[in-house]
Structure formats: structure tokens, C-alpha cells
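Each remark here refers to the structure printed beneath this line.
Number of protein chains: 2
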Amino acid sequence: MNPAELKNMYEEAKTQYDHYCTQKLSLNMTRGKPCRDQLDLVSGLLETLSPEDEFELANGDDIRNYGGWNGLPEMRAIFGELMGIPAGNIVLGNNSSLQMMYDAVSQGFTHGYSDCKPWSQQENIKFLCPAPGYDRHFAVTEFFGFELIPIQMLETGPDMDEIERLVEADESIKGCWCVPKYGNPTGLTFSDETVRRFAKLKPAAKDFRLFWDNAYCVHHLSDTPDMLLNLYDECLQNGTEDQVFYFASTSKISLPGAGVAAMGMSDNNLKEIQKRLSFQTIGPDKVNQLRHVKYFKNADGIYKVMEQHREILAPKFQLVQWKFAEELGELGIAHWNEPNGGYFINLDVMEGCASRVVELCKNAGVVLTAAGSAFPYGKDAKDTNIRIAPTFPPMNELNQAVQVLCTAIKMAAAEKLLG
Amino acid sequence: MNPAELKNMYEEAKTQYDHYCTQKLSLNMTRGKPCRDQLDLVSGLLETLSPEDEFELANGDDIRNYGGWNGLPEMRAIFGELMGIPAGNIVLGNNSSLQMMYDAVSQGFTHGYSDCKPWSQQENIKFLCPAPGYDRHFAVTEFFGFELIPIQMLETGPDMDEIERLVEADESIKGCWCVPKYGNPTGLTFSDETVRRFAKLKPAAKDFRLFWDNAYCVHHLSDTPDMLLNLYDECLQNGTEDQVFYFASTSKISLPGAGVAAMGMSDNNLKEIQKRLSFQTIGPDKVNQLRHVKYFKNADGIYKVMEQHREILAPKFQLVQWKFAEELGELGIAHWNEPNGGYFINLDVMEGCASRVVELCKNAGVVLTAAGSAFPYGKDAKDTNIRIAPTFPPMNELNQAVQVLCTAIKMAAAEKLLG
């Protein structure tokens, strides 16, 4: 575009924008929350149990009573299939896998792993943060005062050359965050090669732990779902099984506030975690686990519900992508992905424009995730990345919000190019 | 008794004991677990919710979705009445108040309180442990490597002279465990004077925290329940409100494995905890809280169910006490209490005999809580204390178990006195 065309684009966008501003919009696309229709999908979960149910386990323990540190075997079996990990290597938590991750970091800090000194007694602890990534992951390790090292995200997953170089040389690097499938916010699934290289990683630190958050393992949006190589199996083959913690949950399968979280781990790690849990808790909520087991029955029951989630979510993703294509397709001022699953669309606008786009949207009543939030310390050096979370708003609100967003992207680009 | 009488008692007891040993008993009185009849009391809780329920909060948030760091207002209001603390100063957890206590200790270790250095960066951290007390309290602080200082338990509660002397002089004492009402295992309720002295405590450490575990606040066994002075109010009057964390749960009201836990605190502490929770979790299980709110409705609903618990539990406590009186009443070789509430009977046998009694019982198929377990590091210097947990076994098993126990007490006393 020449300056005149640019000026024209700006004027048109500005007129539209001013119009939106008069509409007193109040739209929120900040977080990857399921929408109400999704919550209603599993209403039956709430009335699954009755007093006539069998609450006694094979060992005579009552599910309603104290105990059962690792959760119900039947629920662990379901997670076992979803995660590709033996049920015996899975420990169930309550409703928040984030809490299990926080606890795993906290335990590294307070008690340490693999007979090493607790991280609180070691200097300059660092965590690798493939970015763009999940802000709440990075925030946990920032809260503990660890140094966050950004790792570039490539089409195949994190830059493994860089990860290998850093981890194998530096004993103070104690962990790495990953969302390996339909990543938050990239939508990317790690390539087989990336998974194999993680399995072959030789960290200098014996107490290194990879936080493998398989949050979207069954959250497909397409008929051609991504396949993720099974890291658990690969690690066993390489003898590196102690360096990974695996996480998943039913938060976006059943109910975000009342689901079941799970953590998978090696036999050695299991022993350490069991000991900690014996001090920390009287056991997870097994009654809620029984509710899930009775409702879903098995992994097939989960897959069936995920099809219904997809029916609700896929049109929302399509709407955003059509809108982007229609409004921005030929302008070359924005790039976005079309993920096969997950909860996000990753949007890159022109360098130096992301903050301005988010600001413009906010002033027009459309709240987006803060620019840069997918990077450690919230700092996107190029200021290009915006995480789009299309799942929560109803279609009509989403449509409005994306209109405003496209307009803001044009304005910000024109402002930059016109200087 | 003269030696001949003693010998006679021993012989009689030994004959009985040998008889019990032939019966292949397998009885367990180790833990303060509710029994099956108690769990069945609240069966209705499991089918309280239906898809037609209102899940939307006043602010538009859906109870089933993420969020709500401090829990449902209605459930906090119920705990507010049980704990004597404003609902706004209560934070709800999931199913385990022990986990909330562990987290509170862990946060002191990882991040510290009241702008002091984290405990991990301070030397020789100590916790006061009024004993006999709750073994799992002591275990948490032992797990963090803190020094446990036993405090003698008097009729009025812990020895406050000693607590004041230590806490006011030693900045490395960071906390004190308490079960102020129907204590575990003493059954004691702290006197008004004791509560007032706790409220007036002037710890040398600004980051001192009293862990006030009001686990049995409404767990009466008598028509003349104990009254506990409200520490929260007393602290406000003395400006000491930041030095106490309050805990309670519905574990022994609704279901031990699927109840709701609560933590009360001052406004300042609330701000610190809110920040930590924003990193740690997506919020507690609000659906289970709604279940409780709908089932119990209010504190009166709780009191009503507690009456039913009492109807099940009081006869078990009476059975043990009658049996003790009948078998041991005139011998002067054991003392026990008759608590007005709670889950335990505190038994003191002759000095040096507790371990032997527990051993004899075990060999006859009756498992008791390990001797000394109510003391820091599991060490009862006088070896006299045994915690009796009469709630879990059915009456017939309890009857058998107490028979064996009385016989073992006689044998152990005779062994000691005969030399």
C-alpha cells in the first residue's frame, strides 16, 4: 500500500472504530474458559450418584471416608488412557492441575528431588519457558523467584537446540514448562522429533523436571487431529523417566471448577510424591472421582463428550478465522494460525503493534489478554503476539469482538506505517 | 494390692488374653474416622444438585466454571457462624483442612509472612506443640525440618506460662499448633483465660502464626457442651489479629473425603493469602460448596446433623467409659477422661506401660494408635499416653477391642509392679 492507501485504510478503520466506541460494548476474550453451553453438556454429572451406590472399595475402605492418597483406580485408568501412562503411575488431585503443578514446584523448593538439596538451598534457580506459552505456568516459577529463560517456539515445538545447549550445561536450570499438544496459545503440537529429543535430554541437574502439561490431550477441533508421540514410553526407553512430571485434568472435559486433575510420574517420583502427600492431605475428593467414573465410564465416554465440545467450539474458531481472512487476509499486517485443537488462536500483528491493538480494543469495550502475557515476565520483545480466546463468548459477542479487533489491527498498523 | 493379689490379677488377665489371642481378632482403633452409619447420615448430600439449579452468581460468574478464589459467599457464611469469624475473613479450600494447614506452613517457608524473610531463609525455625496433641499437625512441621518444642497440656489448655516465656523471648519460634475445643486427643476445651492469654501473646517474631484448628467446634457429645471463647474477637480487641490462622472443615459433619475446608484470617493475612492463591489454583470446588449450601442451608442445618452424629457416637464413648470403669475403675492403674465432645478418649496408663499395652493389643489383633504418637517426634517421655478412637468400629467390635485393651492394661501394670 502506498501512503494514500494507508491513510485511506486508517480513516475507514477510525470511522468504524469511533462507531464501535459509541456502542458501549462490554466484551471479554481474556481467558480460555469453556462457555455455558459446554458446562451444560455434562449436567448429568451432577446427579450421577445416589445413596444406593456402592461406596466400598475392594480393600474395604469407604470412598466417602478419609484416605486413598492416589485416588480411585477406575479414574486413574481413564487418565491412564488419555495420558498414555500406566494407571499405577498416576496420582489424582482435586479440581486444579495448576495446583498440582504449583505443589510440584513448591516441593522442589521445600524438599527437593532425587536426593538433591531443596531448590531453596541452591543458588540462581532457572526455568525454561518456551514462548509464547501459558502465562500461569510462567507466573508460578516467577512467584518462587526463579529466573525465567524464554525459549523460542518453532513450528516443531520449542527450539530443542537451545534447550539441549542450556540444560546440558547449566546445573541451575531445574525445569521446563511445556504444553505439548494444541499448545497455549500457539495451538501447536510438538513433532515426534521434538518429543524424542526431550526424552533424550541429559540435564546437568539431577533434580531437573520437565513439566509436561497435556492440558488439551483430547481437545480436538478437526477431523484430522494432531498426534503427539508418547513421551512416557520414549523416556522409559532412554532411562530418563524420572525427569518428567505429566499433568492433565478434566477441567475442560467435565467442569472447570469441579473436575479431576491428574499427575503422572515414574516409579521413583511416585515414592517421593507419596511421602509428601502423606503429610499434606487426607487424600483427594474420591466422591467426585466416583461421579466422573460413573458418568464417563471409560475413555470412550470422554471422547464422546469431546465430540460435543467440538460441535460447540469449532464454529467459534471458524468465525474468528473467517473474519480474520475477510478483514485482514490480503493486507499482510497480521498472521494467525488454524489449530486442530485446544483453546486458542495465536495472533501476530505487526512488530510493535500488539500493545496498541489491545489498548484500542479495551477503549472500545473489548478486553483481550494483555499483550505480551504469553511471554516470561509478560515481555514480548517484538510486541507482536496476542492470544485470542474464542471459547467463552456467545457467537454474536464473539463476532462483535473480532470486528473491533480487526479494526484495531488496521488502525495500529496504519499508525505505525504512517509514522 | 499386695504381690499375691497382683500375681492373681496377672494370671487372670493372662488367661483372658490367651483366650483372646485364639480368636484371631482383627480390630482397628487407630484413627478418628467417622463410621459408616455417620457417612450414611448425609446421603442426601450426594443428590442435592440437579441441572435445573441456578449456577450463576450475582456477578454473572458460573459456579461450575473457573474462578472464585475464596469460595461461595453462602458457604463462607455458614463457616462464619461455626467459627465465629466474619464470612469475609474466611477462605474456602477443597476437602482437606490439613492441606490448608500444610499450605500455610509451606507458604511461611517459601514466601514468609508479614514482610519477614521466608522461613527457608531464617535459621532454626521452631514450632510449639502442646502435647498430647494431633500427630499430623506435628508431622507437618517435622517434615519441614522445624524443631518441635513440646508444651505440657494442663486442665485449662496448654501451659501458657511456658508458651509466653518461650514465644516472647525467641524470634525463631514461628508458630504453635492448637486444637482448642474437644482437643485431639485430650478432649479438653481451652479455658477463657487460656484463650485471652493467646490473644494477648506478644511473640518476638513478627511472622509468628498460631494454628488454631477448631476441628471439633460443633462436635458435641453431651447436653452440656463446652464453650470456647472467641479468639478472633479477643485478638481484634488486642490488635493481635494477624498472628492467628483459624481452620475448620465439614470433614466430620458431611463427608471426610468430600467435605469443605475453611481457613479464617485477618484482613492483612487475607491479602497475602489471596495473592498466593492467585498463583496456586484456579479456585476451590464451588460445585461441592453449592451442594453443601443446598443440603445444610445454614448453620442450623449443621447443628441438626451434629445431633444425629451424637446419637451414633455418644453410645460408643459411653461403652468405652463404662468398660474402663468396670474393669479398671478401682485398680488405680489407668486414668481416662470423659469428654463433652470430639473424637477421642485420652487414656493414661502406668508410667512406662503404654508401649507394652499397645504391643499386647496388637499381638491379640487389636491395633491402637502407636504409643507416643500424640507427642512431638512420637516420643512420650513417660510412656503413659494412649489415644483411644472409639468412633469407627461398630459397637460389637468396639466392645471386644476394649475388653482386650483392659486386659492388656492389667497385664502391663502387673508386669511392671512385679518387676
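Protein sequence lines correspond, in order, to chains W and L. Position one of the first sequence corresponds to residue 15 (this note's numbering), numbered consecutively onward. Position one of the second sequence corresponds to residue 15 (this note's numbering), numbered consecutively onward. Ideal placement from N, C-alpha and C gives every residue a C-beta, glycine not left out.
Contacts around residue i, its chain only, beta-carbon distance under 8 Å, and the 5 residues preceding and following it disregarded
i, result
"Pro239/W", "Asn354, Gly355"
"Asp397/W", "Glu365, Gly366, Cys367, Ala368, Ser369, Ala385, Gly386"
"Phe261/L", "Ser111, Met114, Met115, Phe225, Trp226, Asp227, Asn228, Ala229, Ala275, Ala276, Met277, Gly278"
"Pro329/L", "Met409"
"Leu432/L", "Pro17, Leu20, Lys21, Tyr24"
"Trp191/L", "Phe141, Leu142, Cys143, Pro144, Gly147, Tyr148, His151, Phe152, Thr155, Phe225, Asp227"
"Ser236/W", "Ala328, Asn354, Gly355"
Three-way DSSP call (helix, strand, coil) for residue i in this model
i, result
"Leu235/L", "coil"
"Arg45/W", "coil"
"Asn354/W", "coil"
"Leu53/W", "helix"
"Ala262/W", "strand"
"Asp76/W", "strand"
"Pro87/W", "helix"
"Met277/L", "strand"
"Gly189/W", "strand"
"Leu215/L", "coil"
"Asp314/W", "helix"
"Phe448/L", "Beyond the ends of chain L as shown, which are 15 and 433, falls residue 448/L; an answer cannot be given."
"Ile423/W", "helix"
"Leu106/W", "strand"
"Gly58/L", "helix"
"Tyr24/L", "helix"
"Asn302/L", "helix"
"Asn198/W", "coil"
"Ala158/W", "Ala is not the amino acid found at residue 158/W; the sequence shown has Phe there. Three-state result, Phe158/W: coil."
"Asp149/L", "helix"
Neighbour-count burial assignment, residue i, 16 or more Cβ in a 10 Å radius
i, result
"Met277/W", "buried"
"Pro17/W", "exposed"
"His306/L", "buried"
"Ala339/L", "exposed"
"Glu169/W", "exposed"
"Asn283/W", "buried"
"Lys285/W", "exposed"
"Asn73/W", "exposed"
"Thr36/W", "exposed"
"Arg179/L", "exposed"
"Glu66/L", "exposed"
Close-in-space but distant-in-sequence residues of the same chain around residue i (CB under 6 Å, 5 per side omitted)
i, result
"Tyr34/W", "Ala378, Val418"
"Met320/L", "Val232"
"Thr421/W", "Ala27, Gln30, Tyr31"
"Asp394/W", "Gly386"
"Lys300/W", "Ile77, Gly82, Leu86"
"Ile359/W", "Val334, Trp350, Ile402"
"Asn108/W", "Pro298, Asp299"
"Asp75/W", "Gly81"
"Ser263/L", "Ser111, Gly273, Ala275"
Nonlocal neighbours in the same chain, by C-beta distance under 7 Å from residue i, ignoring five residues either side
i, result
"Cys130/L", "Lys220, Asp221"
"Gln414/L", "Leu39, Leu41"
"Ala313/L", "Ile92, Glu95, Leu96"
"Pro270/L", "Lys47, Pro48"
"Asp206/W", "Leu243"
"Met174/W", "Thr208, Arg211"
"Ser268/W", "Val56, Leu59, His306"
"Glu88/W", "Val307"
Per DSSP, cross-strand counterpart(s) of residue i
i, result
"Gly171/W", "Leu168/W"
"His349/W", "Asp362/W"
"Cys143/W", "Pro164/W"
"Ile400/W", "Leu361/W"
"Val381/W", "Asn42/W"
"Glu70/W", "Asp76/W"
Residue i CB to nearest heavy atom of the ligand ADP below 7 Å
i, result
"Ser111/L", "In the structure shown, the ligand ADP is absent, as is every other ligand, since no ligand is present at all."
Quick check: the stretch 137 to 146 of chain L against the stretch 230 to 237 of chain L, are at least 3 beta-carbon pairs closer than 8 Å? Too few Cβ pairs lie closer than 8 Å, so no.
Closer than 8 Å is the cut-off here; do at least three beta carbon pairs connect the stretch 375 to 385 of chain W with the stretch 25 to 44 of chain W? With the rule of 3 Cβ pairs closer than 8 Å, the stretch 375 to 385 of chain W counts as touching the stretch 25 to 44 of chain W.
Tell me whether the stretch 117 to 131 of chain W and the stretch 154 to 161 of chain W touch, counting them as touching only if at least three CB pairs, one residue from each stretch, are closer than 8 Å. Judged by Cβ distances under 8 Å, the stretch 117 to 131 of chain W makes contact with the stretch 154 to 161 of chain W, as three or more pairs qualify.
Does the count of Cβ pairs from the stretch 204 to 221 of chain W and the stretch 184 to 193 of chain W closer than 8 Å reach three? Using a C-beta cut-off of 8 Å, the stretch 204 to 221 of chain W makes contact with the stretch 184 to 193 of chain W, since at least three inter-stretch Cβ pairs fall below that distance.
Does the pairing of the stretch 146 to 156 of chain L with the stretch 98 to 106 of chain L give three or more beta-carbon distances under 8 Å? Touching, no, given that fewer than three Cβ pairs across the two stretches are closer than 8 Å.
Are the stretch 48 to 68 of chain W and the stretch 309 to 323 of chain W touching by the rule of at least three beta carbon pairs closer than 8 Å? Counting C-beta pairs closer than 8 Å gives three or more between the stretch 48 to 68 of chain W and the stretch 309 to 323 of chain W, which meets the contact rule.
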